[in-house]
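Shown next, in structure tokens, is the structure this report addresses.
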Amino acid sequence: MVNKVTEKLFAKYKTLDEYVTADLEQFEKDIKSTGFYHNKAKNILAAAKLIKETFGGTVPRTMEELLTLPGVARKTANVVLGNAYGVVEGIAVDTHVLRLSQRLRLVDLEKIGGKKEITFQRLTTGSHTVTLIDYKKDADPVKIERELMGVIPKKDWFITTYLLIDHGRAVCKAQKPDCGHCVLSQLCPASRI
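Each residue of the sequence shown is one higher than the one before, starting from 174 at the first, in our numbering.
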């Protein structure tokens with residue numbers, strides 16, 4: 174959905190100045206289908222103004238500067254730095270990276286915060302079932318990023334984000350992971366098979 178909205182947005186607003194002068198209510202309508210559109214619209218337009226006024230019309234090139242923009246946290250900053258400038262300072266933790274890093278136990282569940290545990294049942298030998306933690310839905314993305322940075326070589330940080338996102342979208346879905354078609358199912362502690 175976001176990609177479809179982005180395409181229309183870029184066709185309508187072609188320059189930074191068009192974002193800076195955009196009408197907030199109209200902009201909200203333009204992005205409404207992405208969800209949380211009130212905050213997103215406010216933050217995008219405020220960020221555009223800050224980029225123009227503070228950064229001379231150029232998107233900042235450092236994590237520190239990007240984090241000063243409204244609505245920008247480490248995930249967005251990592252994506253911008255990696256894609257726009259080829260700078261890798263961390264791992265972008267979106268919903269898929271959050272979930273898969275836990276399912277694969279790439280991170281220590283005790284160190285990432287969160288209380289909303291999503292569980293699943295696994296059949297054991299003797300036809301007993303056990304309940305296991307799948308992942309913590311409200312785990313701290315910054316703590317997950319730090320944990321991942323500690324176990325994944327820096328040269329692989331950028332690609333790791335996209336590998337986990339793609340795998341999360343196609344195979345390891347939140348509600349019904351397709352473990353039968355997963356290349357990692359034999360290694361995955363949260364495998365359903």
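Note that the Cβ used here is the ideal one computed from N, Cα and C, for glycine as well.
The structure displayed is predicted, hence computed values, not measured ones.
My guess is that residue i and residue j are in contact by the Cβ rule of under 8 Å, so how many angstroms apart are they, rounded?
i, j, result
"residue 369", "residue 320", "No answer is possible for residue 369: it lies beyond the span of the chain, which begins at 174 and ends at 366."
"residue 244", "residue 217", "7 Å"
"residue 189", "residue 225", "6 Å"
"residue 284", "residue 316", "6 Å"
"residue 305", "residue 293", "6 Å"
"residue 215", "residue 239", "About 18 Å separates the two Cβ atoms, so there is no contact after all."
"residue 182", "residue 204", "7 Å"
Sort the options by Cα distance to residue i and report the nearest one.
i, options, result
"residue 362", "347, 287, 276 and 245", "276"
"residue 308", "222, 265, 287 and 241", "287"
"residue 202", "296, 272 and 185", "185"
"residue 209", "347, 354 and 175", "175"
"residue 273", "357, 283, 296 and 240", "357"
"residue 269", "183, 313, 334 and 179", "334"
"residue 351", "204, 360 and 365", "365"
"residue 229", "200, 193 and 332", "193"
"residue 211", "222, 199 and 221", "199"
"residue 220", "246, 339 and 205", "246"
"residue 207", "180, 195, 187 and 231", "180"
"residue 314", "242, 271, 336 and 241", "271"
Just to confirm the assignment, what range does the alpha helix (DSSP H) spanning residue i have?
i, result
"residue 213", "210–227"
"residue 196", "First-last for residue 196: undefined, no H or E at that position."
"residue 247", "247–258"
"residue 239", "236–239"
"residue 185", "175–185"
Can you find a heavy atom of the ligand NAD that lies under 8 Å from the Cβ of residue i?
i, result
"residue 223", "By its list of ligands, the structure shown contains no ligand whatsoever, and the ligand NAD lies outside what it can speak to."
Could you give the uninterrupted runs of the alpha helix (DSSP H) lying entirely in the region 263–334, keeping only those of 4 residues or more?
-> For the region 263–334, whole alpha helix (DSSP H) runs of length 4 or above, ordered along the chain, are 268–276 and 314–324.
Is the region 252–265 close to the region 325–335, with three or more CB pairs under 8 Å?
-> Under the 8 Å Cβ criterion, the region 252–265 counts as touching the region 325–335, having at least three qualifying pairs.
Please determine if the region 250–259 and the region 218–237 are in contact, where contact requires at least 3 C-beta pairs separated by less than 8 Å.
-> Taking 8 Å as the limit for Cβ pairs, the verdict is that the region 218–237 does touch the region 250–259.
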